[in-house]
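Chemist:
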């Protein structure tokens with residue numbers, strides 16, 4: 001089992017609470033990564049990246065949908081995310097570090113908006129969930145020579 | 001590394017930080033979220049659950065020490081390597097801590113600040129703090145280079 005029952009339950013409960021607002025937070029995570037880690041903008045040079053950009057919002061919504069999809073297919077992530085993996089790894093050639101930084105910015109965003117829900121256990125469950133998503137999306141992120149330890153989000 | 005404006009905004013926010021609480025929370029979360037880090041703190045006693053970690057008085061005390069060092073670092077942003085030389089020697093030569101763990105703790109601290117300061121922790125302020133935690137992590141890892 002990819003995610004232990006307690007971690008699944010925690011993440012699903014939070015996602016239910018976020019409801020239709022997931023896109024708002026994934027958009028904020030994108031806005032944060034562009035400011036805090038400016039080299040990440042290299043993948044989005046074709047978009048208007050100014051604050052409040054509708055194009056960034058649209059991409060944020062896509063990220064939200066992918067995460068919700070992942071959440072509903074936790075036992076079959078590699079297959080579920082295969083098209084997105086193909087796109088991001090082979091077509092767009094996104095550095096796996098970018099996904100880790102985006103995860104970190106999403107954690108910052110969720111902590112900022114849901115301080116009461118963001119307990120240490122919830123923090124741990126989210127990191128585990130997001131690490132599995134990254135592994136399915138960017139399999140090379142865990143290969144020998146990679147600086148970041150397996151299982152860590154950033 | 002940081003502009004004058006960034007230094008001002010970082011110092012201003014950090015001035016509002018309750019060093020003992022935030023330090024304890026950051027270290028505690030590191031131990032809960034990245035459990036392999038517990039190996040450096042086995043002598044701290046009960047770390048078996050998240051509640052045990054977060055309530056552990058030694059975790060809180062050490063967290064406070066960590067954040068006090070961080071605070072001192074903020075006064076030496078132009079010479080972090082110098083400011084953290086002794087701590088780098090301790091963590092690298094004596095304790096053999098993998099430098100990746102310094103980056104993890106830095107990012108956990110950023111998450112804790114976001115949780116505590118909410119809307120005040122804007123993307124711009126986050127960006128400034130990311131520069132600081134990266135600088136501190138690099139300074140602590142300096143002995144490996």
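Residue numbers (UniProt numbering), protein chains in the order written: chain A, 1 to 154; chain B, 1 to 145. The beta-carbon is built from N, C-alpha and C at its ideal position, and this holds for glycine as well. The model shown is predicted, which means the values in this text are computed figures rather than measured ones.
If we define contact as Cβ-Cβ less than 8 Å, is residue 5 of chain B a contact residue for chain A?
Modeler: For residue 5 of chain B, the answer is no, since every Cβ of chain A falls outside 8 Å of its Cβ.
Chemist: Skipping 5 residues on each side, what residues in its chain have a beta carbon closer than 8 Å to that of residue 44 of chain B?
Modeler: So the list reads 56, 58, 59 and 62, once near-sequence residues are dropped.
Chemist: Taking the alpha-carbon positions, what's the residue 77 of chain B to residue 42 of chain A distance?
Modeler: Residue 77 of chain B and residue 42 of chain A: Cα-Cα distance of roughly 28 Å.
Chemist: Could you tell me if residue 130 of chain B is buried or exposed, where buried requires 16 or more neighbouring beta carbons within 10 angstroms of its beta carbon?
Modeler: By the 10 Å Cβ count, residue 130 of chain B comes out buried.
Chemist: Roughly how many angstroms lie between the CA atoms of residue 125 of chain B and residue 31 of chain A, to the nearest whole one?
Modeler: Between residue 125 of chain B and residue 31 of chain A, the C-alpha separation is close to 13 Å.
Chemist: Tell me whether residue 34 of chain B sits in a helix, a strand or coil according to DSSP, three-state version.
Modeler: Of the three classes helix, strand and coil, the one that applies to residue 34 of chain B here is coil, per DSSP.
Chemist: Buried or exposed: where does residue 139 of chain A fall if 16 or more other Cβ atoms within 10 Å of its Cβ makes it buried?
Modeler: Classification for residue 139 of chain A: exposed.
Chemist: If contacts are defined as beta-carbon pairs under 8 Å, then residue 92 of chain B and residue 39 of chain B qualify, I think. What distance do you get, rounded to the angstrom?
Modeler: Contact doesn't hold; Cβ gap of about 16 Å is too wide.
Chemist: Quick check on residue 115 of chain A - is its C-beta less than 8 Å from some C-beta in chain B?
Modeler: True, the Cβ-Cβ gap to chain B drops below 8 Å.
Chemist: Between the region 109-122 of chain B and the region 79-99 of chain B, can you find at least three pairs of beta-carbon atoms closer than 8 Å?
Modeler: No contact exists between the region 79-99 of chain B and the region 109-122 of chain B.
Chemist: For a test of the three-state rule: what should DSSP assign to residue 122 of chain A, helix, strand or coil?
Modeler: Three-state DSSP puts residue 122 of chain A in a helix.
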